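Below is one structure, written out as structure tokens; the observations come after it.
Number of protein chains: 2
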Amino acid sequence: MNTPPLYRQLANHYLDAIRSGTLKTGERLPSIRLMMEKHAVSLSTAVQVCRELEDYGVLEARPRSGNYIRQPDSAPKPAPALAPALDTSLYAGIHEQVCAVLKASQHSTIKVNFASAYCAPELYPLKTLQDNMIKTMRSDAYLLGAAGSTCGNGALRNILARRALASKTHLAPERIVITNGATEAINLALRAVTRPGDTVAVESPTFYGLLQILESLNLRVLEVPASAHTGLNLAALQLLLQGPERIKALIVVPNLQNPLGSIMPDANKARLVKLCAEHNTVLIEDDTYGDLVDSEQPLSTLKHWDRTDNVIYCASLNKTLAPGMRLGWISAGKWHDRVEMLKHTQSRGCEVLSQLAVSEFMRTPSYERYLRRLRKTLTVQREQMSTAISRYFPIGTSVTHPQGGTLLWVELPRRHSSMVFFQEALKVGIQISPGDIFSNANRFDHFVRIGCGAPYSPRIDEALQTLGRILKNQG
Amino acid sequence: MNTPPLYRQLANHYLDAIRSGTLKTGERLPSIRLMMEKHAVSLSTAVQVCRELEDYGVLEARPRSGNYIRQPDSAPKPAPALAPALDTSLYAGIHEQVCAVLKASQHSTIKVNFASAYCAPELYPLKTLQDNMIKTMRSDAYLLGAAGSTCGNGALRNILARRALASKTHLAPERIVITNGATEAINLALRAVTRPGDTVAVESPTFYGLLQILESLNLRVLEVPASAHTGLNLAALQLLLQGPERIKALIVVPNLQNPLGSIMPDANKARLVKLCAEHNTVLIEDDTYGDLVDSEQPLSTLKHWDRTDNVIYCASLNKTLAPGMRLGWISAGKWHDRVEMLKHTQSRGCEVLSQLAVSEFMRTPSYERYLRRLRKTLTVQREQMSTAISRYFPIGTSVTHPQGGTLLWVELPRRHSSMVFFQEALKVGIQISPGDIFSNANRFDHFVRIGCGAPYSPRIDEALQTLGRILKNQG
Ligand SMILES: Cc1ncc(COP(=O)(O)O)c(C=O)c1O
Ligand SMILES: Cc1ncc(COP(=O)(O)O)c(C=O)c1O
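Protein sequence lines correspond, in order, to chains B and F.
Position one of the first sequence corresponds to residue 21 (my numbering), numbered consecutively onward.
Position one of the second sequence corresponds to residue 21 (my numbering), numbered consecutively onward.
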């Protein structure tokens, strides 16, 4: 008989302790460091032990606190099937659960929306955009008469490349492609480097839109644990990379991850880039929120640490400047030519005038001033929301304190189901994002994501009180 | 020993006659009708005989003339491989030949461009679009501050539905999705109803962009012969539908096919729709050019004949109104929900202000007046170009006479290679579309597509003379 590997032996040891009651629900598991010392095992073995216990559903990672013993779930939800049957007209879902949530929201009257990652419209520089659009229309309307280039407007690409330098990121303007948002950028990145059936890793929890994209491209999803503190768990990633499943690509949001709000420390960024290069796993960087980081000095990107042209950089103006314009971009390095061709076959070059209008604004110092003001406003809004949640939600609720952006990731006491919470809130016209949709596993059922994009107001305060009441009524 | 099927026996009979010299190169094959009578075979057998001979490369279909015996080609080009290797950074191609042609053009200085299907910019109503854009920006700039809906602007969808009624086509506004051009619409249609590896049929010749889309989605392509006169060959289609290969979808441009300029007669449209429904093959209608048909009364669409909701309708404003806006739309009937989700995961809703601005224009009678004027202008341009081509190109050249649009499909004497012609023309700054890229087979090597979007001028006349000289120098 084969001896099981060391990590499995240790995991069994802990499972026995839990079953026998030696380790009780709510108790804390030894930290990774302690486990390494106590059992004289390597880091990777200790991490794998935790993953194994998580897979058994008996472990719960609490941000910045540690791993706790929990009651195993009833059967974990299976990941959505690959290539689901297409034969009936009734089949609609790309990721059925996300669709169900989005559709339910569409069919309800929403009075207060906490499910959005956008800022409130009035926080965007609408007057300036309007002036620039009108100016552009006056001078360049002739551009409507011809198709723009597949890669997008040259002026905009130059400005994006120049701005990237502030975060020490070198993007050649001629290797940037303007896209319909980060959404299209990520689609193109994945289409360039994967084929249907390949495995792609994401952070867990992750933005549900990424799970939808992956399912729609018939890609298999592997989730890598991430923490609100430092983002992606590199030890866990390393284990997966060494595992049997070939990971073609990894999508990471290094700065202000959605929903965690985490920021990867520079050392982690550097190590992540190196790890992926070593394992020939393409690293797709989603920098949708970088400009919202609450710091005078822009943080580094993953692309900055890239020595082997193995990072594809994707970003967007939809959260920071103009949601209605749908402008994003991709810098795909050595895959640039293929991305350009895929962009051509998928949608051709983007609408031209909005590209020119935002260039006009972005080339001026008032753009940086605008961003600084926006970041300050958001910081205030996050703090007000966070304070109110702590006040109104049940004892045992914990809230992240991200260093920027619009999102709070709220952990409710474990007895709460975010899907039930979502449904109850919807009934009274309040929309939230249930934690469940941020993973294909069953990990975040007692989490909710709350957007802080709107200025604090009595209406919002009242809505948060209502949410608190709903939770308290649930027991 | 098995007797070969009847069509194969007959094909062998003709092959023998060709080999023995009884039927000589340049001689005309009996018409389908004659063949049916002579050999007492069914229509489908007769058509299959012709296909078989075409596959052997000994038959040449000349528009509106018949089938002629030709010298067999050297080995026919294989269709581009499915799912090509992605491992090296050097791989870029989506349809390598099309890419090669597009790239060669990008890297040359183009003085006269006959490769475009667009109208010259000055033919589009730029002043009106400008006025409407400025007006929209004045009144609705707040729309830049929020993401538009995935399906697009309601006003525009209403107008598109209302206009469709003129061609007796019922599209429910709430089942229309605004897209980034017909390109994205067709991508979404294919992604909704096929999976990688499925077979999709197209007309032959067909717009090379469709071949690129199909390759990029890892779909197998089956080409169905089409004629400049009546478009898709229904007998050939029927045979293929009865054949062993399951055809998941068929893309057809019923009105002003690119490059043939053909218009399917109503009876053919009705039969095509019925055929596809019977064989459970989804019919994707590409109506990019419908509004350019030179007729006071809009022609019917395939969707008009659709009784079973088996036709997905795709269209675009990029050729008829504003290439720079990139607006198209899709009405996917029973697949609407899935298309909506795919649109959401692929690029989300389109830029909002251009949708409003074109709605403003399209709701007025001046839009119809503009289209009428445009059609008249194009008719003149096509005639001038066609006359010049007949004058300057070698004897034996034949040119289509489409009932609208910007495209002429020019058949050169068989000794000419369109790829060589393309390269030679490029050297002197003239861009044409070589026939070769309109098919994965080796069928159209001595064809070129010539765009007539620009007003006739001495510069154009001179360029056509130059093209004629190049051809005559080739022998
Ligand atoms: C992490 C992340 N990536 C991508 C997107 C989509 O970006 P865009 O709106 O630019 O397509 C979002 C939007 O919520 C996001 O949170
Ligand atoms: C037949 C056909 N379909 C689709 C397209 C692409 O249309 P759009 O520019 O709206 O994406 C073209 C453009 O040349 C075309 O000729």
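Here a beta-carbon is modelled for each residue, glycine too, at the ideal position from N, C-alpha and C.
Remember, it's a predicted structure, so these values are computed and weren't measured experimentally.
For B/Ile452, the three-state DSSP class (helix, strand or coil): coil
Short Cβ contact (8 Å threshold) for B/Thr250 with B/Asn278: no
Completely contained beta strand (DSSP E) runs for the region 278 to 358 of chain F, where each covers 3 or more residues: 302 to 306, 331 to 336 and 347 to 351
Same chain, Cβ closer than 6 Å to F/His299, neighbours up to 5 away in sequence not counted: Leu261
For B/Tyr390 and B/Ile283, the rounded distance between their alpha carbons: 22 Å
Buried or exposed by the 16-neighbour rule on C-beta atoms within 10 Å, applied to B/Leu208: buried
Continuous beta strand (DSSP E) stretch holding F/Val222: start and end: Thr219 to Ser224
beta-carbon F/Asn496 near ligand 1 non-hydrogen atom, thresh 7 Å: This structure gives no information on residue 496 of chain F, because the portion of chain F shown stretches from 21 to 495.
Candidates F/Gln423, F/Gln258, F/Ser320 and F/Ala246: closest to F/His190 by CA position: F/Ser320
Min CB distance B/Glu371 to chain F below 8 Å: yes
Distance CB(F/Ala167)-CB(B/Pro343) smaller than 8 Å: yes
Close beta carbons around F/Val430, own chain, < 8 Å, minus the five adjacent residues each side: Ile409, Phe413, Thr417, Ser418, Val419, Thr420, Phe467, Val468, Arg469 and Ile470
Cα-Cα separation between F/Met153 and B/Gly348, rounded to whole angstroms: 22 Å
Rounded separation between F/Arg358 and B/Ser125 - CA only: 17 Å
Any chain B beta carbon closer than 8 Å to F/Leu106: Any answer about F/Leu106 is weak, because its pLDDT of 35 lies below 50 and its placement is not dependable; what the coordinates show is given next. It does: the Cβ of F/Leu106 has a partner Cβ on chain B nearer than 8 Å.
Ligand 2 heavy atom lying under 7 Å from the CB of F/Asp306: yes
Sequence ranges, alpha helix (DSSP H) only - wholly within the region 46 to 75 of chain B, length at least 4: 52 to 59 and 63 to 75
Buried/exposed call for F/Ala181, threshold 16 Cβ in 10 Å: buried
Candidates B/Val241, B/Asp329, B/Pro274 and B/Gln68: closest to B/Asp218 by CA position: B/Val241
Contacts of F/Arg238 in chain B (Cβ-Cβ under 9 Å): One detail in the question is off: residue 238 of chain F reads as Asn in this sequence, not Arg. What F/Asn238 touches in chain B: Arg215 and Pro216.
Beta-carbon spacing of F/Ile89, F/Lys44 below 8 Å: yes
Min CB distance B/Met361 to chain F below 8 Å: yes
B/Arg368 CB to nearest heavy atom of ligand 2 below 7 Å: yes
Chain B residues whose Cβ lies nearer than 7 Å to that of F/Tyr162: Pro141 and Leu146
Extent of the continuous beta strand (DSSP E) to which F/Lys447 belongs: Unbroken run through F/Lys447 is the alpha helix (DSSP H), Ser438 to Lys447; no beta strand (DSSP E).
F/Gln423 versus B/Lys323 - alpha carbon distance: 53 Å
Check whether F/Leu373 and F/Ser406 have beta carbons under 8 Å apart: no
Proximity of F/Ala352 and F/Ala212 at Cβ, strictly below 8 Å: yes
Chain B contact for F/Ala37 (CB, 8 Å cutoff): no
Contact set between B/Ser374 and chain F, taken where Cβ atoms lie within less than 7 Å: Glu371
Contact set between the region 188 to 212 of chain F and chain B, restricted to residues whose Cβ is under 9 Å from the partner: Thr199, Asn200, Gly201, Thr203, Glu204, Asn207, Arg211 and Ala212
Classification of F/Ile415 by the beta-carbon crowding that lies within 10 angstroms, buried from 16 upward: exposed
Touch test, the region 367 to 381 of chain F against the region 326 to 333 of chain F, Cβ-Cβ under 8 Å, three pairs minimum: no
Residues bridged to F/Glu194 [DSSP beta-bridge criterion]: BP columns for F/Glu194 are empty, so no partner.
For F/Leu88, the residue or residues it bridges with in DSSP: In the sequence on display, residue 88 of chain F carries Tyr and not Leu. For F/Tyr88, which the question treats as bridged, DSSP gives the partners F/Arg48 and F/Glu80.
Inter-stretch contact at 8 Å, needing at least 3 Cβ pairs: the region 221 to 236 of chain B / the region 450 to 465 of chain B: yes
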